[in-house]
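> There's a structure below that I have some questions on.
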Amino acid sequence: MSENKKYQIFKTISPLDALKLIKKHQNDQNLIILDVRTPWEFSDDHIEGAINLDYTDPDFNEQIKKLDKEKYYLIYCKSGRRSINVCEILKKLGFTHVYNIKDGFKGWKSEMFKI
1 MSENKKYQIF KTISPLDALK LIKKHQNDQN LIILDVRTPW EFSDDHIEGA
51 INLDYTDPDF NEQIKKLDKE KYYLIYCKSG RRSINVCEIL KKLGFTHVYN
101 IKDGFKGWKS EMFKI
């Protein structure tokens, strides 16, 4: 692994760019969409194909360590705060393909209504 890739930080991207990333990977298994909100928030509504991994769960850190570091991760929460924390954790664990959706699910819903 190159030094640049090893220390690459996560990227915060717009909801529209997140949609482009989802479409780019729609025919492969390389992109994992992680919703880090509570199960209650997730059950209310979520991005299609997202996996719920509750940031407030006591086992969260153990669950996150089981993820494949070679995959691409698109992370979101309600407004972007929890997801930034999760992106920081993933970065420290050596994940290199991590994307945070700007303004979280609220931003996603707002942008998707414009399309």
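Counted from 1, the sequence shown has number 95 at position 95 by the UniProt record's numbering; the numbering is strictly sequential.
Think of the CB as a built atom: it goes at the ideal place given N, C-alpha and C, for glycine as much as any other residue.
Note that this is a predicted model, so its numbers are computed, not measured.
Tell me which residue opens and which closes the beta strand (DSSP E) that residue 31 is part of.
Start and end: 31-35.
> Locate the beta strand (DSSP E) running through residue 75, then write down its first and last residues.
Residue 75 -> beta strand (DSSP E) spans 72-76.
> Sort out for me which residues DSSP pairs residue 100 with in a bridge.
For residue 100, which the question treats as bridged, DSSP gives the partners 12 and 75.
> Would you mind listing the alpha helix (DSSP H) stretches within the segment 16-65 that are 4+ residues and don't spill past its ends, in chain order?
Correct list: 39-44 and 60-65.
> Considering only C-alpha positions, which residue in the set 103, 18, 81 and 34 is nearest to residue 63?
With distances taken between Cα atoms, residue 63 lies closest to 34.
> Do residue 111 and residue 16 have their beta-carbon atoms positioned less than 8 Å apart in this structure?
Yes, these two residues count as a Cβ contact at 8 Å.
> List the endpoints of the continuous alpha helix (DSSP H) containing residue 92.
Where residue 92 is concerned, the enclosing alpha helix (DSSP H) stretches over 81-92.
> Is DSSP giving residue 162 helix, strand or coil here?
For residue 162 there is no data in the structure shown, the boundaries of the chain being 1 and 115.
> Shortest alpha-carbon distance to residue 48 belongs to which of 56, 55, 67 and 74?
Cα-wise, what sits closest to residue 48 is 74.
> Can you have a look at residue 56 and say buried or exposed, based on whether 16 or more other CB atoms are within 10 angstroms of its CB?
With fewer than 16 other Cβ atoms within 10 Å, it is exposed.
> Please name the residue in 65, 37, 41 and 71 whose C-alpha comes closest to that of residue 25.
Closest by alpha carbon: 71.
> Quick one: is residue 100 buried, meaning 16 or more other Cβ sit within 10 Å of its Cβ, or exposed?
With 16 or more Cβ atoms within 10 Å of its Cβ, residue 100 is classed as buried.
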